[in-house]
Amino acid sequence: MTDDRRRLLSRTAALEGAGDRAVRALVGASVLVVGAGGLGAPVLTYLAGSGLRRVTIVDHDVVDTSNLARQTLFAAADVGRPKAVCAAERVRGVDPELEVVAVQESFRPEHVAGHDVVVDAADSVEVTRAISDACSPVGIPFVWGTVLGLDGQVSVFHDAGSEPIDFHDLHPEALPDEGSCALDGVLPALCGAVGAVMAAQVTALVAGIGEPLTGRVLTVDARRWRWTESPLRRGPGSRRPAPVVDDAPPRIAPAALAERLRDARTGTGSPVVLVDVRTPDELATGVIPGSVTPQDLDDERLAAGAATTPIVVVCASGVRATAWARTARAAGRDAVVLDGGIRAWQREGHPVTADADTIGE
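Per numbering that gives the first Met the number 0: the sequence shown = residues 0 to 360.
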């Protein structure tokens with residue numbers, strides 16, 4: 000180990016019970032962080048200087064202006080750039096000797112291979128279940144955190160531990176994601192508080208500095224900054240739920256949608272209804288020409304023309320649009336999702352307008 004890295008780790012080594020033992024454990028460890036957003040930013044900030052051997056960052060998204068208040072790894076100049084790439088640059092800047100791998104894609108089970116700990120900072124129930132299912136058979140512990148509004152939770156799951164526990168024991172029902180920071184808001188500082196606790200769980204698991212939250216769920220209420228702890232145990236009848244049938248709606252690429260809209264305008268193709276499910280503040284930043292909101296569909300004139308017309312659902316990146324399209328398809332509507340959302344549409348240079356009030360022709 001170089002003198003610079005020893006100095007970087009000197010404050011950690013000085014902790015009671017840490018010393019060279021903890022340092023050796025850290026410099027030999029590899030950690031996977033899924034998500035470089037509101038939770039991933041503070042997690043990666045603290046892991047960057049912890050002396051790890053390798054950090055892998057998995058995130059499919061790009062930086063948006065709305066991220067900057069809470070995703071402290073990024074600056075205004077990063078808007079539009081891949082989060083995984085930007086985060087990797089910041090982490091390398093803290094410790095040039097740390098191996099940092101940026102993976103610009105959604106989480107896949109094979110990502111966990113070769114890592115000692117997984118940090119689930121994606122804040123998505125569906126992703127967490129996939130991480131739990133990937134970590135369980137190979138005995139890798141994973142740190143989980145979530146924030147929404149003024150509430151947050153942190154825990155550690157380890158299906159191969161002395162008292163086996165995984166995410167399915169906390170949430171046995173395979174429910175879809177509910178709520179989002181865009182719709183429900185989130186206190187930026189809460190992300191930092193929860194993310195810091197998550198990072199501390201990594202050092203607890205790897206180096207034995209502190210006791211990990213295995214079998215315990217730490218909950219914070221940021222209205223009064225009250226922290227509470229609840230025990231979590233696997234019951235005798237506990238079982239891993241059967242895999243959920245993939246009912247994700249079909250997706251359409253931005254280029255294919257642009258072509259379809261052009262054909263509709265020239266009369267050489269069938270019409271389509273663009274439904275933008277973003278918040279009013281997001282809509283004010285620009286929409287695809289001809290878009291309507293879900294509330295607009297209640298208007299009799301619009302509803303009459305849209306009842307049997309195929310729907311393309313639009314949001315920022317595709318997550319909220321997927322949930323909305325699922326509901327629409329369950330009700331018998333022909334609904335697809337714009338792949339990558341409005342961000343992908345704009346990255347490819349397709350036009351936006353300030354008006355969201357008419358059905359696309």
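For every residue, glycine included, the Cβ atom is placed at its ideal position computed from N, Cα and C. Note that the coordinates shown come from a computational prediction; the quantities given were computed from them, not determined experimentally.
Grab me the residues of residue i's own chain with a C-beta within less than 6 Å of its C-beta, minus the 5 sequence neighbours each way, in chain order.
i      : result
Arg53  : Ser29, Glu98
Trp226 : Val219
Leu204 : Val116, Pro140, Pro211
Going by beta carbon distance, what residues of the same chain come within less than 7 Å of residue i, once the five residues before and after it are set aside?
i      : result
Ala247 : Thr321
Ile130 : Val33, Phe106, Val117, Asp119, Phe141
Please classify residue i: does DSSP put it in a helix, a strand, or coil?
i      : result
Glu228 : strand
Val201 : helix
Arg10  : helix
Leu273 : strand
Phe141 : strand
His170 : coil
Gly148 : strand
Evaluate residue i with the Cβ neighbour count: other Cβ atoms within 10 Å of its Cβ, from every protein chain shown; 16 or more gives buried, anything less gives exposed.
i      : result
Arg319 : buried
Leu367 : In the structure as shown, the chain begins at 0 and stops at 360. Residue 367 is therefore absent and cannot be evaluated.
Asp19  : exposed
Thr64  : exposed
Gly234 : exposed
Trp224 : exposed
Pro140 : buried
Gly36  : buried
Thr145 : buried
Met0   : exposed
Thr213 : buried
Would you kindly report the start and end of the unbroken alpha helix (DSSP H) that includes residue i?
i      : result
Ile341 : 340-346
Val78  : No alpha helix (DSSP H) holds Val78; DSSP gives it neither H nor E.
Leu260 : 253-265
Between the alpha carbons of residue i and residue j, how many angstroms are there, rounded?
i      : j      : result
Met197 : Phe166 : 15 Å
Asp441 : Ala334 : The shown model of the chain, from 0 to 360, leaves out residue 441, and the question about it has no answer.
Ser269 : Ala255 : 14 Å
Cys314 : Val276 : 6 Å
Arg346 : Val78  : 11 Å
Gln200 : Ala188 : 19 Å
Only counting the same chain, and skipping five residues up and downstream in sequence, which positions put a Cβ closer than 8 Å to that of residue i?
i      : result
Val100 : Arg53, Val54, Thr55, Ile56, Ala87
Would you give the residue range spanned by the beta strand (DSSP E) that residue i belongs to?
i      : result
Thr366 : Because the chain is modelled from 0 through 360, residue 366 falls outside the range shown and cannot be assessed.
Glu98  : 98-102
Any beta carbon of chain C sitting closer than 8 Å to that of residue i?
i      : result
Ala199 : In the structure shown, chain C cannot be found, because there is only a single protein chain.
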